[in-house]
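Comments concern the structure below.
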Amino acid sequence: MLDEACIAFLKWCLPQLGLRWPGYRRVRRLVGKRLNRRVAELGLSDISAYRALLLREPTEWAQLEAICRIPISRFYRDRGVFDVIGHRILPEAAAMAVKRSDRTVRCWSAGCASGEEPYTLMILWRHKVGPDWPTIDLEVLATDADETMIARAKAACYARSSLKDLPQQWLKTSFAPSGALFCVLPELRRGVEFKLQDIRTAMPDGRFDLILCRNVAFTYFDEPSQRHISDRLKERLYIGGFLMLGMHEALPPGSGGLNRIARGLPIYRREQPMLDA
Numbered sequence: 382m383l384d385e386a387c388i389a390f391l392k393w394c395l396p397q398l399g400l401r402w403p404g405y406r407r408v409r410r411l412v413g414k415r416l417n418r419r420v421a422e423l424g425l426s427d428i429s430a431y432r433a434l435l436l437r438e439p440t441e442w443a444q445l446e447a448i449c450r451i452p453i454s455r456f457y458r459d460r461g462v463f464d465v466i467g468h469r470i471l472p473e474a475a476a477m478a479v480k481r482s483d484r485t486v487r488c489w490s491a492g493c494a495s496g497e498e499p500y501t502l503m504i505l506w507r508h509k510v511g512p513d514w515p516t517i518d519l520e521v522l523a524t525d526a527d528e529t530m531i532a533r534a535k536a537a538c539y540a541r542s543s544l545k546d547l548p549q550q551w552l553k554t555s556f557a558p559s560g561a562l563f564c565v566l567p568e569l570r571r572g573v574e575f576k577l578q579d580i581r582t583a584m585p586d587g588r589f590d591l592i593l594c595r596n597v598a599f600t601y602f603d604e605p606s607q608r609h610i611s612d613r614l615k616e617r618l619y620i621g622g623f624l625m626l627g628m629h630e631a632l633p634p635g636s637g638g639l640n641r642i643a644r645g646l647p648i649y650r651r652e653q654p655m656l657d658a
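In my numbering, the protein residues as written are 382 to 658.
Written out as C-alpha cells, the structure is:
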C-alpha cells in the first residue's frame with residue numbers, strides 16, 4: 382500500500398474508532414503492513430475494497446481496531462522514568478501505605494502489552510525498594526485489551542531484546558534462561574495479576590498508589606476519550622497517588638486535580654481536595 386493511501390485511510394477510519402491521526406504518524410507504516418496482510422487474507426484487491434467492506438460489514442471494525450493497537454514494550458523502558466519510580470515514587474507510596482495503616486502498595490499498569498512494565502515494577506520493588514520496607518508488600522494489577530498480549534504476559538518469557546534497558550545486575554537475579562528466552566522467576570511473578578480489560582470501557586475497582594498509563598490513551602485516543610479516561614484515572618488514585626504517562630504524553634486541557642511534579646517527566650500526583658471555608 383502506498384503511504385498516501387495508508388494516510389488517507391487512517392484519517393478516515395481512526396475518528397470512527399475514537400482514535401486520533403497524530404498519534405499514528407510514526408507508526409503508520411507498521412499499521413499499513415498489518416492492513417496489507419488483512420486485505421490479502423480477505424482476498425480483496427486493495428485498501429479501497431477494504432474500506433467498502435467496512436461500510437457493509439460492521440463486524441469487521443473489531444478486526445480493524447485490533448490492527449490499530451500498538452503494543453510496544455520493554456523492561457525498564459524509559460530509564461529516567463523507572464529511576465524516579467525506584468528512587469522516589471515507590472518509597473513515597475510505601476510511606477503513604479504505612480500512614481493509612483495498610484500493608485500493601487497497589488500499582489496498576491494500564492495497557493500492559495506483554496507484561497514487561499508490571500514485571501519491571503516488581504523487580505524494582507524486590508531488589509531496590511522493598512528491602513527498606515520489610516512490612517509492606519507490592520501488588521501490581523496489569524490490564525490490556527489484547528488477549529494475545531495477556532497470554533504472553535502470563536507466560537513471562539522474553540527475548541534478550543526486551544531486556545536491553547534493564548540494569549544488568551538484575552538480569553541473573555530476576556530471570557531464568559530457557560533456550561533463547563529469559564523467564565521471570567516465580568517469586569517475581571507472585572503479586573502480579575493480569576486481566577483482560579479495555580480501559581475505554583472498564584477499569585478495575587479500588588484505588589491505587591501508582592497508575593502507569595503510558596503510550597496508549599494519551600497518544601492514540603481522541604480528546605474526548607482522553608478527558609474521560611483522565612477523570613476516571615484520577616478517581617482510581619489515592620489522595621497523593623501518582624499517575625505516570627508516556628515520555629511524550631501530557632494530560633488533556635481541563636484535567637483538574639492532578640499536578641505535574643517532575644520537570645521533563647510526565648509524572649502527575651493527585652492533590653488534596655480543597656476544603657470549604
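All residues carry an ideal CB built from backbone N, CA and C; glycine is no exception.
Since the model is a prediction, treat every value here as computed from it, not as a measurement.
From the DSSP output, read off the bridge partner residues of Ile327. Lying before the first or after the last residue shown, residue 327 is absent from the chain, which here runs from 382 to 658.
Can the beta-carbon of Ala474 be found less than 8 Å from the beta-carbon of Leu593? Translated into positions along the sequence shown, residue 474 becomes position 93. Translated into positions along the sequence shown, residue 593 becomes position 212. In terms of Cβ geometry, Ala474 and Leu593 do not form a close pair [threshold 8 Å].
DSSP three-state assignment for Glu457, whether helix, strand or coil: As a position in the sequence shown, residue 457 is number 76, starting the count at 1. The identity of residue 457 in the sequence shown is Tyr, whereas the question assumes Glu. Tyr457 falls in the coil class under three-state DSSP.
Opposite Ile592 in the DSSP bridges: which residues? Position 211 of the sequence shown holds residue 592. In the DSSP output, where bridge partners are listed per residue, Ile592 has Trp489 and Leu624.
Taking C-beta to C-beta, are Gly496 and Ala537 nearer than 8 Å? Here residue 496 refers to the residue found at position 115 when the sequence shown is read from its first residue. Here residue 537 refers to the residue found at position 156 when the sequence shown is read from its first residue. Contact: yes.
Between the CA atoms of Gln578 and Met530 - distance to the nearest angstrom: Translated into positions along the sequence shown, residue 530 becomes position 149. Translated into positions along the sequence shown, residue 578 becomes position 197. Roughly 11 Å between the two C-alpha positions.
Where does Leu656 fall in DSSP's three states? Working through the sequence shown from its first residue, we reach residue 656 at position 275. Reliability fails at Leu656, whose pLDDT of 48 lies under 50, so the model's placement of it is uncertain and the value that follows must be treated cautiously. If DSSP states are grouped into helix, strand and coil, Leu656 belongs with coil.
Within the stretch 484-542, ranges of the beta strand (DSSP E) (whole runs, at least 3 residues): Counting only runs that start and end inside the stretch 484-542, the beta strand (DSSP E) elements of at least 3 residues fall at 485-491, 518-525 and 538-540.
So, under 8 Å CB-CB, Asp546 and Arg460 are touching, yes? Tell me the CB distance rounded to an integer number of Å. Numbered from 1 along the sequence shown, position 165 holds the residue referred to as residue 546. Numbered from 1 along the sequence shown, position 79 holds the residue referred to as residue 460. Confirmed, about 6 Å.
Paired residues, beta bridge with Ala557 - DSSP: Along the sequence shown, one-based indexing puts residue 557 at 176. Cys564, per the DSSP bridge assignment.
Using only the alpha-carbon positions, how far apart do Pro396 and Trp514 sit? Sequence index remark: in the sequence shown, residue 396 carries index 15 (1-based). Sequence index remark: in the sequence shown, residue 514 carries index 133 (1-based). Roughly 47 Å separates the two Cα atoms.
In this structure, how does DSSP classify Lys576 when only helix, strand and coil are distinguished? Here residue 576 refers to the residue found at position 195 of the sequence shown. The answer is strand: DSSP assigns Lys576 an E or B state.
What separation, rounded to the nearest whole angstrom, lies between the Cα atoms of Leu436 and Ala386? In the sequence shown, counting from the first residue as 1, residue 436 sits at position 55. In the sequence shown, counting from the first residue as 1, residue 386 sits at position 5. Distance between the alpha carbons of Leu436 and Ala386 is about 17 Å.
Taking the alpha helix (DSSP H) that Arg409 belongs to, which residues open and close that run? Numbered from 1 along the sequence shown, position 28 holds the residue referred to as residue 409. That run of the alpha helix (DSSP H) goes Arg409 to Glu422.
Tell me whether the beta-carbon of Tyr649 lies closer than 8 Å to the beta-carbon of Leu632. Here residue 649 is taken as the residue at index 268 of the sequence shown, counted from 1. Here residue 632 is taken as the residue at index 251 of the sequence shown, counted from 1. Taking 8 Å as the Cβ cut-off, Tyr649 and Leu632 qualify as a contacting pair.
Can you tell me which of the three DSSP states Arg570 falls into? Locating residue 570 in the sequence shown gives position 189, counting from the first residue. The answer is helix: DSSP assigns Arg570 an H, G or I state.
Would you tell me roughly how many angstroms separate the C-alpha atoms of Tyr457 and Val465, rounded to the nearest one? Working through the sequence shown from its first residue, we reach residue 457 at position 76. Working through the sequence shown from its first residue, we reach residue 465 at position 84. If you take the alpha carbons of Tyr457 and Val465, they lie about 11 Å apart.
As a quick exercise: from Ile504, Trp442, Gln444 and Leu624, pick the residue whose alpha carbon is nearest that of Gln549. Locating residue 549 in the sequence shown gives position 168, where the first residue counts as 1. Scanning Ile504, Trp442, Gln444 and Leu624 for the CA closest to the CA of Gln549 turns up Ile504.
From the DSSP secondary-structure annotation, give me the bridge partner or partners of Leu552. Numbered from its first residue, the sequence shown carries residue 552 at position 171. Its beta-bridge partners do not exist; DSSP assigns none.
Three-state secondary structure (DSSP) of Arg401: Your numbering for residue 401 matches position 20 in the sequence shown. Coil.
I'd like the span of the beta strand (DSSP E) that includes Arg641, first residue to last. As a working note, residue 641 is residue 260 in the sequence shown. Start and end: Leu639 to Arg641.
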